[in-house]
Amino acid sequence: FRNWMNRSLTTIESGNIKGFDCHLLPQSSYIKGPAQETGCQHMLQASNLTAEFNQLMEKFDLKLRMTEEVSMISNAANQQNDSAQCQELHDAPVMTVFDEQLRSRVRKAYKADFELLGDNTVL
Numbered sequence: 098f099r100n101w102m103n104r105s106l107t108t109i110e111s112g113n114i115k116g117f118d119c120h121l122l123p124q125s126s127y128i129k130g131p132a133q134e135t136g137c138q139h140m141l142q143a144s145n146l147t148a149e150f151n152q153l154m155e156k157f158d159l160k161l162r163m164t165e166e167v168s169m170i171s172n173a174a175n176q177q178n179d180s181a182q183c184q185e186l187h188d189a190p191v192m193t194v195f196d197e198q199l200r201s202r203v204r205k206a207y208k209a210d211f212e213l214l215g216d217n218t219v220l
């Protein structure tokens, strides 16, 4: 994971923020336009995504709803190995996954996100 993070951050730091099929774009890129105008009227927090999404749909009288169910599409050969690696990463203390140098690079690369969305993480 650290190797992947280092490669990803190197890509971002080189100015290629659209690398990795835009999977690493800062969240602020989706919220603010090129002229830094705020395009979003409703920002949903990932920590409460299902409830906030459903409230927003109700507000606009839309019948679309999100559930708490999580589905993962993976081929059978990789599913067991992926699950074990994900569980290992999930269970690891943040400080062992992100050393100080990596945390500093993440904070720098995603500075606009931390400023716009708040800094309530341990990174």
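For the sequence shown, the numbering used here assigns the number 98 to the initial residue and increments by one for each residue that follows.
For each residue, glycine too, the CB sits at the ideal point set by N, CA and C.
Small disclaimer: the values here were computed from a predicted structure and weren't measured.
Tell me the rounded alpha-carbon separation between glutamine 124 and aspartate 210.
Cα to Cα, glutamine 124 sits roughly 6 Å from aspartate 210.
What residues in its chain sit with their C-beta under 7 Å from that of asparagine 151, if we drop five residues either side in the sequence?
These residues qualify, in order along the chain: Arg162 and Met163.
Beta-carbon within less than 7 Å of leucine 214's beta-carbon, same chain only, minus the 5 sequence neighbours each way: which residues are those?
The residues are Gln124.
Run through the stretch 99-149 for me and flag every whole alpha helix (DSSP H) of 4 or more residues, listed as ranges in chain order.
99-110 and 125-128, all fully within the stretch 99-149.
For the alpha helix (DSSP H) containing phenylalanine 211, name the first residue and the last one.
Unbroken alpha helix (DSSP H) run through phenylalanine 211: 208-214.
Less than 8 Å between C-beta atoms, sequence neighbours within five positions excluded: which residues of the same chain meet that for glutamine 142?
Same-chain partners within the cutoff: Glu149.
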